[in-house]
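Those sequence lines, one after another, are chains Z and D. Under our numbering, the residues of the first sequence are numbered 1 to 261, in order. Under our numbering, the residues of the second sequence are numbered 1 to 261, in order. Down below is the structure, laid out as structure tokens.
Protein chains: 2
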Amino acid sequence: MLIQSRDNPKIKLYTRLRDKKSARVDEGLFVLEGERLVAEALKEGVGLRSVFYTRLAEERFSGLVSDLCALCGQEAFEISDDAAQKLAGTVSPQGIFAIASRLDKTPPLDKIVFGGKYLILNRLQDPGNVGTILRAADAVGVSGVYLCSSCDIYNPKLVRSTMGSLFRLPVADCLSFEDTVSLFRRSGIPVYASVVDQDAADLSEFKFPESCAVVIGNEGNGLSAGETSLCDGRITIRMRGNTESLNAAAAAAILLWELMK
Amino acid sequence: MLIQSRDNPKIKLYTRLRDKKSARVDEGLFVLEGERLVAEALKEGVGLRSVFYTRLAEERFSGLVSDLCALCGQEAFEISDDAAQKLAGTVSPQGIFAIASRLDKTPPLDKIVFGGKYLILNRLQDPGNVGTILRAADAVGVSGVYLCSSCDIYNPKLVRSTMGSLFRLPVADCLSFEDTVSLFRRSGIPVYASVVDQDAADLSEFKFPESCAVVIGNEGNGLSAGETSLCDGRITIRMRGNTESLNAAAAAAILLWELMK
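Here's what the structure looks like:
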């Protein structure tokens, strides 16, 4: 079926889901844009409800578009360039979009097993940072990620930055920081706070136990003293150069690398 | 002096420098936006030619604005909100902008000293990635960075992503990849290519020599076989999880961390 108008209800649903967290929660849906992300979603078995593609995208990504049409049937729509512009959230859109069902991300909560290594993100606000961190967590192979008071994991920018890692990685985002730490405590798994403090244990010399969790705090303010005091220990990335100068995603990559080595 | 019009020649010079590499080269100037970046430039002794600030910015950052006015004299301009909007390259502008002289970034070329550790970036195209990598290089304390066939180091997005590290770090961007490798070879410093290849040496077990250089290649394609063959060895970030899933800046952070440990 061809959608030409920007005012088509499906187009309006997509933009609402793209722009509003409340719409994503109410509808139980989120959006995907771009060939790679949609292909990853298909591969990982994400529930695709509707797909949209331009004539040009159908030519460029013919295999993918035909797979999507077979899967979505009546819910696969060719769209005009004008409608595609309305959907696009990137500078150079590829003309391929999807609406997907929210993932079942609760399992990790009852899957904390001794032996695993976990990441906890507390009050992280930038969707691009969180997405990049989830992607790195997937790369090094952590057992699960817990987000507390952080940005919506279905934010389109976050989803895009994960490059599909969100579909693979066990992620939970429904507990408070206190409850998350308690959960690990009850499982006998120690929790380490990453801090900027020369008195904390030096990451390059620290021996992580076989099973543990590491906490990364807010981009600007880190973890509060109260939050840190809930943890079993404190570690820091000690640097030779200009210590202040490491963004949250770069610091997380280094931390995850040492955690999983 | 107050600038009200968007068509003022100073405003037009700023936007030309912001948008065009050719203008930055011709004029020998580049632009800075935001309180932190302008403050870092002042602190690091970057040659500030002109500064622009809104009434609101003068209230919020009064100490900084008064230092800038003392430094720039006739070249310090209060600007209208309308003119500030024309200058802004960020979503939430702080109303403070500067035009600066290009940095003298040639010294590292004759400063390659045995004992230093260096980073070479080859055909990196994304200004945000390159800026984040320069920031991490500054954080871990590398001796210098060489950019070959990569994006313009005065690109405003790159400058912003470095958060001031560009002003501190020795950076050279005038040699080809072949000439850069030769330069290190002649100094007796080995050069290692970072690659995605399970047969390359494992970064987590690799012992970097006291002095060396590491090469990072293009975001999408990495280094070519020919480029790799110019180097003394190959190293790879071996991961337990989904190997493909690590962006250029995250991979660079891990590499720099191991290099400087």
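Beta carbons are placed, not taken as given, at the ideal position from N, Cα and C, and that holds for glycine.
Query	Result
Exposed unless 16 or more other CB atoms sit within 10 angstroms - verdict on Lys117 of chain D	buried
Neighbour list for Thr207 of chain Z in chain D, Cβ cutoff strictly below 9 Å	Correcting the residue identity first, residue 207 of chain Z is Lys in this sequence and not Thr. Result: empty, since nearest Cβ-Cβ is about 14 Å, beyond 9 Å.
Which of helix, strand or coil DSSP assigns to Gly233 of chain D	strand
Ser204 of chain D: contacting residues in chain Z (beta-carbon distance under 7 Å)	Lys261
From D:Asn242, D:Ser182, D:Tyr192, D:Asp26, residue whose alpha carbon lies closest to that of Leu223 of chain D	D:Tyr192
Interface partners of Thr132 of chain Z on chain D, CB under 8 Å	Asn247, Ala249, Ala250
From Z:Gly73, Z:Gly45, Z:Leu17, Z:Asp82, residue whose alpha carbon lies closest to that of Arg6 of chain Z	Z:Asp82
For Cys151 of chain Z, three-class secondary structure by DSSP	coil
Cβ contact check for the stretch 81-95 of chain Z and the stretch 121-130 of chain Z: 3 or more pairs under 8 Å	no
Beta strand (DSSP E) segment containing Ala200 of chain D, residue limits	Per DSSP, Ala200 of chain D belongs to no beta strand (DSSP E) and is neither H nor E.
Where the stretch 225-241 of chain D meets chain Z: residues whose CB sits under 7 Å from a CB there	Met239, Arg240, Gly241
Those residues which DSSP pairs with Tyr263 of chain Z across a bridge	With chain Z running from 1 to 261 in the structure shown, residue 263 of chain Z is simply not present.
Closer than 8 Å to chain Z by CB, Ala213 of chain D	no
Min CB distance Ala88 of chain Z to chain D below 8 Å	no
CA-to-CA distance, Val65 of chain Z to Leu255 of chain D, given in whole angstroms	38 Å
Among D:Asn221, D:Thr90, D:Asp173, D:Ser149, nearest to Pro156 of chain D - alpha-carbon criterion	D:Thr90
Cα-Cα separation, Lys43 of chain D to Leu37 of chain D	10 Å
Limits of the unbroken beta strand (DSSP E) element including Asn122 of chain Z	117-122
Per-residue DSSP class, three states only, for Leu223 of chain D	coil
DSSP-derived helix/strand/coil call for Arg102 of chain D	coil
CB-CB length for Leu246 of chain Z against Ala139 of chain D, believed under 8 Å	4 Å
Ile79 of chain Z - DSSP class collapsed to helix/strand/coil	strand
The alpha helix (DSSP H) enclosing Arg55 of chain Z, as first and last residue numbers	55-60
Euclidean distance between Cα positions of Val145 of chain D and Asp26 of chain D	24 Å
Rounded straight-line distance, which links the Cα of Cys231 of chain Z to that of Asn221 of chain Z	17 Å
Any 3 or more C-beta pairs closer than 8 Å across the stretch 47-58 of chain Z and the stretch 71-87 of chain Z	yes
Residues that DSSP places opposite Ala172 of chain D in a beta bridge	D:Tyr146
Simplified DSSP state of Ile96 of chain Z, which is helix, strand or coil	strand
Range covered by the beta strand (DSSP E) that runs through Leu246 of chain D	It is not in any beta strand (DSSP E) - Leu246 of chain D carries neither H nor E in the DSSP assignment.
Other residues of its chain near Cys69 of chain Z: CB distance less than 6 Å, five sequence neighbours each side excluded	Ala76
Interface flag, Leu195 of chain D vs chain Z, CB-CB below 8 Å	Checking the sequence, you will find Val at residue 195 of chain D rather than Leu. Closer than 8 Å: no.
Inter-residue Cα distance where the pair is Ala249 of chain D and Ser229 of chain Z	32 Å
C-beta contact flag for Ile99 of chain D and Leu169 of chain D at 8 Å	no
CB contact below 8 Å: Asp138 of chain Z versus chain D	yes
For Leu259 of chain D and Val214 of chain D, believed in contact at Cβ under 8 Å, the rounded distance	6 Å
Span of the beta strand (DSSP E) around Phe177 of chain Z	From DSSP, Phe177 of chain Z is part of no beta strand (DSSP E) but of the alpha helix (DSSP H) over 177-186.
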